[in-house]
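Trainee:
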Amino acid sequence: MSHSFPIRVYYEDTDMAGIVYYANYLRYIERARSDWVREIGIDQLAMKAAGVVFAVRRVEADYIAPATFDDRLVVRTEMTQLTPARMVMSQDIWRDETLMFAAKVTIVCIGPGSKPARLPANLRSLPLSDER
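Take 24 as the starting number for the sequence shown in this note's numbering and just add one per residue.
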């Protein structure tokens, strides 16, 4: 199950060298994950009301090529590992056929008192993508 999310690079996304500031790639993949979760039918506001929220546990990131002002990018997200307590996602950012950024993100759920919680049942039943 793959998800694509378009991004346009704005002037505010760039640093003094005119390239995307490194931390903004994390913002881009967060937006893509939020869109993916919404698209598969998980209501994060209902989760929060029930006392459970998603949290990033780990990010491994590779900055491969610089994106610049006005680039049109696509964030591709795939879930590659899933247990009742965590999911691992592959998130790549592409400009046309050029891979710009690649990340492996581990997501968990936390409940009251920041204690570990199970992932939502409808998420635990999703098919996995092949690990890259």
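All residues carry an ideal CB built from backbone N, CA and C; glycine is no exception.
1) Based on Cα-Cα distance, which residue from Asp85, Thr129, Met110, Gly136 lies nearest to Trp117?
2) Can you tell me which of the three DSSP states Glu62 falls into?
3) Between which two residues does the beta strand (DSSP E) harbouring Leu122 extend?
4) Which term fits Arg56, buried or exposed, when burial requires 16 or more other beta carbons within 10 angstroms of its beta carbon?
5) Nearest-angstrom Cα distance between Phe77 and Arg99?
6) What first and last residue would you give for the alpha helix (DSSP H) that runs through Met70?
7) On the criterion of 16 or more Cβ atoms from any shown chain inside 10 Å, does Ile30 qualify as buried, or is it exposed?
8) Got a sec, what are the start and stop residues for the beta strand (DSSP E) Ala78 sits in?
9) Of the residues Thr37, Ala125, Val32, Leu105, which one's Cα is nearest the Cα of Val82?
10) Would you kindly report the start and end of the unbroken beta strand (DSSP E) that includes Leu105?
Mentor: Result, derived from the coordinates:
1) Within the sequence shown, numbered from 1, the residue matching residue 117 stands at position 94. The alpha carbon of Trp117 has as its nearest neighbour, out of Asp85, Thr129, Met110, Gly136, the alpha carbon of Asp85.
2) As a working mapping, residue 62 is identified with position 39 in the sequence shown. Helix at Glu62.
3) Here residue 122 refers to the residue found at position 99 of the sequence shown. Segment 121-133, the beta strand (DSSP E) holding Leu122.
4) Position 33 of the sequence shown, counting from 1, holds the residue named residue 56. So Arg56 ends up on the buried side.
5) The residue given as residue 77 occupies position 54 in the sequence shown. The residue given as residue 99 occupies position 76 in the sequence shown. Near 19 Å, if we compare the C-alpha coordinates of Arg99 and Phe77.
6) In the sequence shown, the residue the question calls residue 70 occupies position 47. Here the alpha helix (DSSP H) through Met70 covers 67-72.
7) Taking the sequence shown and counting its residues from 1, the one referred to as residue 30 is at position 7. It is buried - the Cβ of Ile30 has at least 16 other Cβ atoms within 10 Å.
8) Here residue 78 is taken as the residue at index 55 of the sequence shown, counted from 1. For Ala78, the enclosing beta strand (DSSP E) stretches over residues 76-86.
9) Along the sequence shown, read from residue 1 onward, the residue named residue 82 stands at position 59. If we check each option's Cα against that of Val82, Ala125 comes out closest.
10) In the sequence shown, residue 105 corresponds to position 82, counting from 1. Where Leu105 is concerned, the enclosing beta strand (DSSP E) stretches over 95-105.
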